[in-house]
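Chemist: Oh and the sequence shown: position 354 is 354 in UniProt numbering, straight run, nothing missing.
Heads up, the beta-carbon is just placed ideally off N, CA and C, and yes, glycines get one too.
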Amino acid sequence: MEGPSSSKARRVQGSCDACRIRKVRCDSATRAGNICTNCTKSRSECTHVAAMSRKNGGLPVNLSSWATDTVSKDLGVHIDSILSENYTPPKDKLVALALLKALARHVRQLEANLKLADSESRLYESQPTTSFDPLYKSSSTPNVENKTTNDDALHLMHEPMSQLQISEPSTRFGSSKDVELIESTLSLKDDVDPAHKFRRPQFWYAPEHPWEYLDPAEPPALKFPSPDLLNDLISLFFRHIRSEFIHGPTFLRQIAEGLHHTSHAFGSVVLAVCALAARYSDDPRVGQEHHKGWAYYRQLRAVHVGQYLKQENLLWDLQLMPLMAIYAYALLLPDHGTMLTAMGIVLSQSRGLHRLKRVEGKPWSVEDEMLKRTFWFIVAFDVYVGSFDGKPRVTDYDRIDADYPLEVDDEYWPGEMLADPHNPWRQPIDVPCKASAFVEHLKLLEIYSFAEGTIYSIRRAPFWDSIGCPEWGRNIVVELDSALNAWLDNLPDHLRWNPQAPTPSALVLYSTYQWVCIQLHRPYMREFTNMAACVTAARSCSHAMAAYNKVWPYIPIPTAFAWMMFSSVILLLNLKNNKMASASDLEDVRKNMEFFARNEDVWQVSGRYHDIIREVYLLVRTPQEVVNERKRKDHSAESMDLAGVEYLSDPYSGDYNPDELWEGIDLESWMGTEMNTYLLDLDSVWREILPGSSHS
1 MEGPSSSKAR RVQGSCDACR IRKVRCDSAT RAGNICTNCT KSRSECTHVA AMSRKNGGLP
61 VNLSSWATDT VSKDLGVHID SILSENYTPP KDKLVALALL KALARHVRQL EANLKLADSE
121 SRLYESQPTT SFDPLYKSSS TPNVENKTTN DDALHLMHEP MSQLQISEPS TRFGSSKDVE
181 LIESTLSLKD DVDPAHKFRR PQFWYAPEHP WEYLDPAEPP ALKFPSPDLL NDLISLFFRH
241 IRSEFIHGPT FLRQIAEGLH HTSHAFGSVV LAVCALAARY SDDPRVGQEH HKGWAYYRQL
301 RAVHVGQYLK QENLLWDLQL MPLMAIYAYA LLLPDHGTML TAMGIVLSQS RGLHRLKRVE
361 GKPWSVEDEM LKRTFWFIVA FDVYVGSFDG KPRVTDYDRI DADYPLEVDD EYWPGEMLAD
421 PHNPWRQPID VPCKASAFVE HLKLLEIYSF AEGTIYSIRR APFWDSIGCP EWGRNIVVEL
481 DSALNAWLDN LPDHLRWNPQ APTPSALVLY STYQWVCIQL HRPYMREFTN MAACVTAARS
541 CSHAMAAYNK VWPYIPIPTA FAWMMFSSVI LLLNLKNNKM ASASDLEDVR KNMEFFARNE
601 DVWQVSGRYH DIIREVYLLV RTPQEVVNER KRKDHSAESM DLAGVEYLSD PYSGDYNPDE
661 LWEGIDLESW MGTEMNTYLL DLDSVWREIL PGSSHS
């Protein structure tokens with residue numbers, strides 16, 4: 001009797017590729033043309049590539065062309081074979097090459113098929129348009145099937161762009177963006193292959209589009225001051241300039257490591273710091289008078305081709321813009337400052353710095369805080385630019401929901417020696433926080449920002465009239481005045497103004513507070529209460545600066561010139577309109593001119609303001625004041641001659657009637673909301689103040 005092995009059916013040699021994969025009996029060896037019954041029934045190509053590749057390690061030379069054709073025609077079988085667990089790659093290079101080429105052609109064909117968007121047409125054929133929620137909603141009560149479809153669509157909207165991957169992070173933020181509509185449409189097409197959703201190569205991966213692959217242009221080499229001068233300038237910068245957006249310890253460590261020699265972006269920030277600090281330096285190597293720091297500033301380039309493709313340089317690119325903008329105003333280049341400010345805000349918004357960040361589990365880093373502080377500094381500068389130049393602002397507070405900067409001083413940031421490693425970002429309770437001044441400054445500017453968008457709006461929307469509130473402007477002033485008082489009441493004690501112990505932070509907050517008061521009441525100065533509020537604020541601002549200059553020789557920020565300019569103009573207006581005005585107002589104006597004179601050698605804008613105020617001041621002096629000035633000249637030429645200007649050599653130094661000179665003067669037009677105070681041209685000012693005057 002034969003054993004079991006003798007009765008077992010023997011496998012026919014030479015099984016085709018399809019039967020090998022399915023592990024079924026193949027009769028191709030006994031069939032005509034070597035085409036098995038299984039392939040005949042399934043109407044598929046009956047091939048023997050795998051068998052031929054295993055036999056003797058490869059194919060006969062005369063069968064190589066046949067193998068190439070067979071691989072191309074029956075690629076699906078080969079793909080299944082490759083994905084199987086017992087696949088053995090062909091040893092013959094010719095067969096392997098044919099298989100690779102066939103796979104490559106297949107990939108190209110699949111990419112071409114994506115252009116046809118067959119799946120999109122199938123989707124629209126299988127579902128009615130009215131079931132596409134939330135794009136379309138039926139007014140009738142939906143049935144159970146439609147409700148399921150709608151719930152699925154709403155679920156998909158929680159991840160609106162998860163299947164539409166792009167190489168760069170999203171630069172769109174906010175619920176009102178138009179792309180929301182596109183996102184909700186894309187979320188309804190989830191049955192399409194997620195890896196190839198709507199990816200036509202010419203619109204997504206196009207090497208023939210050079211503008212999509214811009215490399216940063218090679219910037220010119222930077223020339224830094226000598227090490228000793230560099231150290232002096234950096235010391236002056238942190239001593240005299242409000243630099244809330246630069247973390248001092250980190251900045252100094254990077255300088256010590258020589259990062260400014262290897263990173264062009266950081267090196268540009270260092271040069272900008274040197275340019276501003278040069279304004280406070282007496283070293284002849286930084287330049288003279290108005291040229292101080294120009295050798296450093298002229299090397300800076302805020303924009304390079306493709307520069308912002310590098311995420312690692314974002315902080316330095318952003319810090320460079322406000323530094324350059326401040327220096328531009330020192331050079332009386334306000335348009336440059338405006339453009340730099342706008343670029344900084346747009347770049348910040350593209351990175352989402354204006355939005356509140358909620359990243360669970362991710363610790364707040366030093367770079368995160370510096371980015372936020374830099375953004376808020378640019379926002380504050382944008383507020384001042386819009387006010388001083390009379391130009392629309394780039395952004396508004398109501399478009400920002402990012403937190404204010406953390407009220408933690410530099411020495412308590414994570415990684416610093418005084419920082420608590422167990423409680424990062426924690427200011428000691430018994431240590432007054434200097435950084436709080438920046439936050440309080442931002443809160444103060446937020447009040448002014450609202451006023452600028454309402455009582456100073458160029459075109460009032462007709463919706464205001466439909467509300468039926470004819471006194472809406474004055475009501476807004478009342479509310480904002482209350483907000484100012486609340487701000488002052490909540491101000492920390494160490495930031496309150498004390499004329500006996502003035503500090504730069506207290507001066508900035510106090511003077512800005514008075515400046516905002518003037519801005520709130522200025523449109524209604526013809527009324528007594530509003531005029532009185534403006535005059536009181538102007539006097540306070542003038543007195544504060546006089547007290548500060550007795551202790552501190554330098555201004556804390558360039559906006560101080562605008563404070564004193566507005567203070568002087570308000571006092572001159574009061575002298576014009578109020579015959580009983582105090583003689584001390586004229587003395588305050590003279591002190592303001594002394595302030596401008598002390599700073600005009602370094603700050604060109606100070607000299608321009610000085611000239612404007614001086615010419616109006618000459619008109620309001622009484623004969624007794626002229627006599628007093630002559631006496632002061634006899635005792636002290638320096639006190640009389642401010643910055644080399646001979647006041648008594650003007651055409652109005654003789655006998656004159658002040659009332660006649662005041663006729664035709666319209667200083668209110670000088671205070672117009674669209675007046676560009678940084679670009680004031682003396683001739684145009686005289687045309688504004690003295691219509692028909694030919695004074696030059």
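Mind checking whether residue 542 and residue 505 have CB atoms under 7 angstroms apart?
Modeler: Their beta carbons are not under 7 angstroms apart, which means residue 542 does not touch residue 505 by this criterion.
Chemist: When we look at the beta-carbon of residue 458 and count the other beta-carbons within 10 Å, is it buried (16 or more) or exposed?
Modeler: With fewer than 16 other Cβ atoms within 10 Å, it is exposed.
Chemist: Leaving out the 5 sequence neighbours to the left and right, which residues in its chain are closer than 8 angstroms to residue 14 when beta-carbon positions are compared?
Modeler: Counting only Cβ-Cβ distances below 8 angstroms, and skipping sequence neighbours, we find 26, 28, 29, 34, 48, 51.
Chemist: Provide the residue span of the alpha helix (DSSP H) that contains residue 277, from first to last.
Modeler: It spans 264-277 - the alpha helix (DSSP H) in which residue 277 sits, taken as one unbroken run.
Chemist: Less than 8 angstroms between the CB atoms is what I'm expecting for residue 236 and residue 285, so what's the real figure, rounded?
Modeler: Not a contact, Cβ separation roughly 13 angstroms.
Chemist: Hey, how far is the Cα of residue 404 from the Cα of residue 373?
Modeler: Roughly 8 angstroms separates the two Cα atoms.
Chemist: In chain order, what residues of the same chain have a beta carbon less than 6 angstroms from the beta carbon of residue 531, not counting five sequence neighbours either side?
Modeler: Excluding residues within five positions, the ones whose Cβ falls inside 6 angstroms are 525.
Chemist: Take residue 571 as the anchor and find which of 561, 560, 586, 494 has the nearest alpha-carbon.
Modeler: When each option's Cα is compared against that of residue 571, the closest is 586.
Chemist: Assign residue 232 to one of three DSSP states: helix, strand, or coil.
Modeler: Looking at residue 232 - three-state DSSP - the assignment turns out to be helix.
Chemist: Less than 8 angstroms between the CB atoms is what I'm expecting for residue 341 and residue 385, so what's the real figure, rounded?
Modeler: Going by Cβ atoms, the distance from residue 341 to residue 385 rounds to 6 angstroms, so yes, they are a contact pair.
Chemist: Measure the alpha-carbon distance for residue 452 versus residue 544 and round it to whole angstroms.
Modeler: Spanning the two alpha carbons is a distance of roughly 25 angstroms.
Chemist: Can you tell me where the alpha helix (DSSP H) with residue 452 in it begins and where it stops?
Modeler: 436-454 is the extent of the alpha helix (DSSP H) around residue 452.
Chemist: So what does DSSP say about residue 113, is it helix, strand or coil?
Modeler: In this structure, residue 113 counts as helix in the three-state DSSP scheme.
Chemist: If you scan the segment 527-557 from start to end, which runs of the alpha helix (DSSP H) of 4 or more residues do you find wholly inside it?
Modeler: Fully enclosed alpha helix (DSSP H) runs of 4 or longer: 528-549.
Chemist: Excluding the 5 residues flanking residue 445 on each side, which residues of the same chain have their C-beta closer than 6 angstroms to its C-beta?
Modeler: Within the same chain, residue 445 has close Cβ partners 380, 383.
Chemist: Which stretch, first to last residue, makes up the alpha helix (DSSP H) that contains residue 330?
Modeler: That run of the alpha helix (DSSP H) goes 314-330.
Chemist: Are the beta-carbon atoms belonging to residue 436 and residue 492 less than 7 angstroms from one another?
Modeler: Yes. Within cutoff.
Chemist: Are the beta-carbon atoms of residue 537 and residue 499 separated by less than 7 angstroms?
Modeler: Going by C-beta atoms, residue 537 is not nearer than 7 angstroms to residue 499.
Chemist: For residue 605 and residue 565, what's the separation of their Cα atoms in angstroms?
Modeler: Approximately 11 angstroms between the Cα atoms of the pair.
Chemist: In its own chain, which residues sit with a C-beta less than 8 angstroms from the C-beta of residue 77, not counting the 5 before and 5 after it?
Modeler: Around residue 77: 17, 18, 21, 44, 45, 47.
Chemist: Helix, strand or coil for residue 419 per DSSP?
Modeler: Residue 419 falls in the coil class under three-state DSSP.
Chemist: Verify whether the separation of the beta carbon atoms of residue 418 and residue 299 is less than 7 angstroms.
Modeler: Contact: no.
Chemist: Any chance the segment 338-352 sits against the segment 310-324, with 3 or more Cβ pairs inside 8 angstroms?
Modeler: Cβ pair count under 8 angstroms is three or more, so yes.
Chemist: Can you give me the C-alpha to C-alpha distance between residue 338 and residue 244, rounded to a whole angstrom?
Modeler: Residue 338 and residue 244: Cα-Cα distance of roughly 20 angstroms.
Chemist: Less than 8 angstroms between C-beta atoms, sequence neighbours within five positions excluded: which residues of the same chain meet that for residue 416?
Modeler: Within the same chain, residue 416 has close Cβ partners 249, 410.
Chemist: Relative to the C-alpha of residue 699, which residue among 273, 268, 200 is closest?
Modeler: In this structure the chain extends from 1 to 696, so residue 699 is not present and cannot be described.
Chemist: Could you work out which residue in 513, 275, 475 is closest to residue 295 when comparing CA atoms only?
Modeler: It is 275.
Chemist: Alpha carbon to alpha carbon, how far is residue 540 from residue 394?
Modeler: The alpha-carbon atoms of residue 540 and residue 394 are separated by roughly 31 angstroms.
Chemist: Which whole-angstrom value is the C-beta distance of residue 528 and residue 480, which I expect to be below 8 angstroms?
Modeler: That pair is no contact at about 19 angstroms.
Chemist: When we look at the beta-carbon of residue 599 and count the other beta-carbons within 10 Å, is it buried (16 or more) or exposed?
Modeler: Its Cβ being crowded by 16 or more others within 10 Å, residue 599 is buried.
Chemist: What first and last residue would you give for the alpha helix (DSSP H) that runs through residue 346?
Modeler: Looking at the DSSP string, the run of the alpha helix (DSSP H) that includes residue 346 is 334-350.
Chemist: The alpha helix (DSSP H) that contains residue 458, what's its start and end?
Modeler: Premise fails: residue 458 is in no alpha helix (DSSP H) and is neither H nor E.
Chemist: Evaluate residue 646 with the Cβ neighbour count: other Cβ atoms within 10 Å of its Cβ, from every protein chain shown; 16 or more gives buried, anything less gives exposed.
Modeler: With a pLDDT of only 40 at residue 646, under 50, the local geometry of the prediction cannot be trusted, and no value is derived from it.
Chemist: Decide if residue 512 is buried, meaning its Cβ has at least 16 other Cβ atoms within 10 Å, or exposed.
Modeler: Residue 512 comes out buried.
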